[in-house]
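The structure under discussion appears below in the form of structure tokens.
Residue numbers (my numbering): 1 to 191.
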């Protein structure tokens, strides 16, 4: 996916400085923004489309849209928030045509050093969480993903989804309550 050169270090500047340089004519610097954010955008694509090829196409589409709109980036929010807003809108528009969404929580995780017993326990716990997350209403799942798995603040989620901050807080709170209730039988872990 990345058009960067192997072993090429990212510049120490922040995204906003990189954007300013691109808009000023250093268009080749866009590759640095892609390298910084491609995993997160691709991950969002996997959440929505469940297919690596579709996620890669989605990421390319998002970066193409971002590149074409870069001159309109005003810097009122962080670049990553602006980019994730483009990604979210692109995904939602596509998903509304396909009617599917998969939580990032469904991504498979492997922890180094796990023994077979811990892998079985981790797998069972993961399946219990996935079942509980799958049962959440979509609006809750999106907020939970952005908050917990993309580590976005309520204000950033508002900028990305267009939901008011109080609605987002309510969705996260209600999702946690629903998940806690669903997972009590599994082990009573804290959420």
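Glycine residues also receive a C-beta, built at the ideal position from the N, C-alpha and C atoms.
Can you list, in chain order, the residues of its chain whose CB lies under 8 Å from that of residue i, leaving out five sequence neighbours each side?
{"i": "residue 90", "result": "58, 61, 62 and 65"}
{"i": "residue 168", "result": "143, 147, 154, 157, 158 and 161"}
Where do the ends of the alpha helix (DSSP H) carrying residue i lie?
{"i": "residue 196", "result": "This structure gives no information on residue 196, because the portion of the chain shown stretches from 1 to 191."}
{"i": "residue 58", "result": "52-69"}
{"i": "residue 183", "result": "165-183"}
{"i": "residue 159", "result": "154-161"}
{"i": "residue 140", "result": "138-144"}
{"i": "residue 15", "result": "15-23"}
Would you kindly work out how many angstroms separate the C-alpha atoms of residue i and residue j, rounded to a whole number?
{"i": "residue 177", "j": "residue 84", "result": "27 Å"}
{"i": "residue 22", "j": "residue 30", "result": "7 Å"}
{"i": "residue 27", "j": "residue 15", "result": "14 Å"}
{"i": "residue 120", "j": "residue 82", "result": "40 Å"}
{"i": "residue 48", "j": "residue 13", "result": "31 Å"}
{"i": "residue 106", "j": "residue 51", "result": "Residue placement at residue 106 is flagged as unreliable, the pLDDT there being 48, under the threshold of 50; the coordinate-derived value follows with that caveat. Roughly 12 Å between the two C-alpha positions."}
{"i": "residue 86", "j": "residue 152", "result": "15 Å"}
{"i": "residue 180", "j": "residue 172", "result": "12 Å"}
{"i": "residue 41", "j": "residue 117", "result": "34 Å"}
{"i": "residue 67", "j": "residue 145", "result": "25 Å"}
{"i": "residue 53", "j": "residue 77", "result": "30 Å"}
{"i": "residue 25", "j": "residue 39", "result": "26 Å"}
If I'm right that residue i touches residue j with Cβ under 8 Å, what's the distance once you round it to whole angstroms?
{"i": "residue 73", "j": "residue 34", "result": "At roughly 15 Å, the Cβ-Cβ gap does not stay under 8 Å, so residue 73 and residue 34 are not in contact."}
{"i": "residue 150", "j": "residue 174", "result": "With 8 Å as the limit, residue 150 and residue 174 do not qualify as a contact, their Cβ atoms being about 19 Å apart."}
{"i": "residue 124", "j": "residue 183", "result": "In fact, because the Cβ distance is near 12 Å, the residues do not count as touching under 8 Å."}
Among residues of its own chain, excluding the 5 on either side of residue i, which ones have a beta-carbon nearer than 6 Å to its beta-carbon?
{"i": "residue 45", "result": "55, 58 and 59"}
Could you name the residues of the same chain whose beta carbon sits closer than 7 Å to that of residue i, not counting the 5 residues immediately before and after it, in chain order?
{"i": "residue 137", "result": "none"}
{"i": "residue 80", "result": "15 and 37"}
Can a CB atom of chain D be found closer than 8 Å to the CB of residue i?
{"i": "residue 142", "result": "The structure shown has no chain D; it contains just one protein chain."}
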